[in-house]
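Colleague:
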Amino acid sequence: MNTFITLDEKIFNGIEFSNFLSIFDLRIIKGFEIAPHNSLLEEKKYLSLAKKIYTNKQNINFHVPNFLKSYNFELCDFIKDTTIKDNYKTLFKLIYNMIESSNKVPTLTFHGAKSIVESEQGHLKDDTYFFIDWALNYFEKNKIKIDLSFELTSKKDISFGSNREDILSTINDFDTSSFGICWDLTHDYLNNYDTYLNPSKNFVEKINNVHIHGFGKAPDSEIKTKHIPLNKSEINFDSQIKLLKDYNYSNAICNELLYGKTNNFIEDNLKDIALINKLLR
2 MNTFITLDEK
12 IFNGIEFSNF
22 LSIFDLRIIK
32 GFEIAPHNSL
42 LEEKKYLSLA
52 KKIYTNKQNI
62 NFHVPNFLKS
72 YNFELCDFIK
82 DTTIKDNYKT
92 LFKLIYNMIE
102 SSNKVPTLTF
112 HGAKSIVESE
122 QGHLKDDTYF
132 FIDWALNYFE
142 KNKIKIDLSF
152 ELTSKKDISF
162 GSNREDILST
172 INDFDTSSFG
182 ICWDLTHDYL
192 NNYDTYLNPS
202 KNFVEKINNV
212 HIHGFGKAPD
222 SEIKTKHIPL
232 NKSEINFDSQ
242 IKLLKDYNYS
252 NAICNELLYG
262 KTNNFIEDNL
272 KDIALINKLL
282 R
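In case it helps, the working numbering puts the sequence shown at residues 2 to 282.
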């Protein structure tokens, strides 16, 4: 397995690219997962960052920037709202420009369609399938070498893809090596914590990306939340990591620590990486 970290652009308000990358070099991690958008960094800075990462012999995976509320990436309106498709085309162009010097095929992780209204659940599968079909064809037509990864999300959302069955059936329906599962260990555990069992062999063999992040109280808060440091997490991930090792999973495992969920993004990432590497031994 290759240890990655989420690259949260807020870190660059206080540290230069080169200094950040000198801390998280190849001896520490194998790569970064980035959700790029020009509202977070200028394109030329993303291109410079990507070049430095590849020069360091590290790799990049990508995530759709769903957290940007001002720019719609929600799949529930993908079929009828052409601006969403345009947002994805802009994202894909940026990714293409970032990965042109890479020898390794990256993954692009996305979330299934979701709705705030339970009565609208019926069309979420159709919206998600429409996006997947469109994206896979777009990549092929435009010669973008990237694999899709369908993330298992939280059951707290009204969404398609918040359980293993939906995820696996979708992967099987498209039946292509360029489309796999992003197994979020934290979401999966919290979705099933009362009767948790590790997923089946059929599920694990379709995984092409893994997310891991802590769950518990964030700094200066009494509210439990996700994406906190692993070293402060209430969840033990030993059985999930063992399962991945048993099936010889060899792609990325990304620590999804967010800048706003820690008092020291760099220090906690280093502690978390040491913890992940200990589990991987």
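Backbone N, C-alpha and C fix where the C-beta goes; we use that ideal spot for every residue, glycine too.
Out of D26, I213, L76 and K126, which one is the CA nearest neighbour of T56?
Modeller: When each option's Cα is compared against that of T56, the closest is D26.
Colleague: Flag this pair as yes or no: are the beta carbons of G215 and S234 separated by less than 8 Å?
Modeller: Yes, the pair counts as a contact, with Cβ atoms nearer than the cut-off.
Colleague: Let me know the secondary structure DSSP gives V211 once reduced to three states.
Modeller: V211: strand per DSSP, three-state reduction.
Colleague: Give a yes or no on contact between the stretch 148-156 and the stretch 85-95, applying the rule of three or more CB pairs nearer than 8 Å.
Modeller: Short answer: they don't touch.
Colleague: Could you check how far apart the C-beta atoms of H228 and E268 are, in whole angstroms? I think they sit under 8 Å.
Modeller: Not quite, the Cβ-Cβ distance comes to about 16 Å (not below 8 Å), so this is no contact.
Colleague: Can you check the stretch 12-73 for any beta strand (DSSP E) of at least 3 residues that lies completely inside it and give the ranges in chain order?
Modeller: Whole beta strand (DSSP E) segments, 3+ residues: 32-35 and 60-64.
Colleague: Write down the C-beta distance between G181 and G113 rounded to the nearest angstrom, noting that I regard them as a contact closer than 8 Å.
Modeller: Not a contact, Cβ separation roughly 14 Å.
Colleague: Round the Cβ separation of K31 and Q59 to the nearest angstrom and send it over; I've been treating them as touching at under 8 Å.
Modeller: Correct: roughly 6 Å between the Cβ atoms.
Colleague: Mapping DSSP to helix, strand and coil, what is H228?
Modeller: Note: H228 maps to strand in three-state DSSP.
Colleague: Mind checking which residues open and close the alpha helix (DSSP H) that includes T84?
Modeller: Its alpha helix (DSSP H) spans residues T83 to I100.
Colleague: Below 6 Å CB to CB, which residues in the same chain sit around I242 once its five sequence neighbours on both sides are set aside?
Modeller: These residues qualify, in order along the chain: L280.
Colleague: Return the chain-ordered ranges of every alpha helix (DSSP H) run that is complete within the stretch 124-165 and spans a minimum of 4 residues.
Modeller: As far as the stretch 124-165 is concerned, its whole alpha helix (DSSP H) runs of at least 4 residues are 125-142.
Colleague: Which residues mark the beginning and the end of the beta strand (DSSP E) in which A253 is found?
Modeller: A253 to N256 is the extent of the beta strand (DSSP E) around A253.
Colleague: Using a 10 Å radius around the Cβ and a threshold of 16 neighbouring Cβ atoms, would you call E34 buried or exposed?
Modeller: Under this definition E34 is a buried residue.
Colleague: Can you say whether I24 is buried or exposed, counting buried as having 16 or more other CB atoms within 10 angstroms of its CB?
Modeller: Exposed, by the Cβ-count rule.
Colleague: Tell me whether D167 is buried or exposed, calling it buried when 16 or more other Cβ atoms sit within 10 Å of its Cβ.
Modeller: The residue in question, D167, is buried, as its Cβ has 16 or more Cβ neighbours within 10 Å.
Colleague: Alpha carbon to alpha carbon, how far is L137 from T171?
Modeller: Going by the C-alpha atoms only, they are around 13 Å apart.
Colleague: Which partner residues of D185 appear in the DSSP bridge assignment?
Modeller: Answer by DSSP bridge pairing, in chain order: H212.
Colleague: In whole angstroms, what separates the C-alpha of L8 from that of F74?
Modeller: Cα to Cα, the separation comes out at about 19 Å.
Colleague: Of the residues S155, E141 and N203, which one's Cα is nearest the Cα of D185?
Modeller: It is S155 whose Cα lies nearest to the Cα of D185.
Colleague: Would you kindly report the start and end of the unbroken beta strand (DSSP E) that includes F3?
Modeller: Before going further, note that residue 3 is Asn rather than Phe in the sequence given. Unbroken beta strand (DSSP E) run through N3: N3 to T7.
Colleague: Report the three-state DSSP secondary structure of T171 (helix, strand or coil).
Modeller: Three-state result, T171: helix.
Colleague: Whose CA, out of E101, I236, L231 and F18, lies closest to the CA of D195?
Modeller: Nearest option by C-alpha distance: I236.
Colleague: Looking only at its own chain, which residues have a Cβ that is under 7 Å from the Cβ of L276, when we skip the five neighbours before and after it?
Modeller: Result list for L276: L231 and N232, in chain order.
Colleague: List the residues that DSSP assigns as beta-bridge partners of S116.
Modeller: According to DSSP, S116 bridges with I159.
Colleague: For P220, does the count of other Cβ atoms within 10 angstroms reach 16, so buried, or fall short, so exposed?
Modeller: It is exposed - the Cβ of P220 has fewer than 16 other Cβ atoms within 10 Å.
Colleague: CA-CA distance, I208 and C183?
Modeller: Roughly 6 Å separates the two Cα atoms.
Colleague: Work out the CA separation of M99 and F132 for me, nearest whole Å.
Modeller: Computed Cα separation, rounded: 22 Å.
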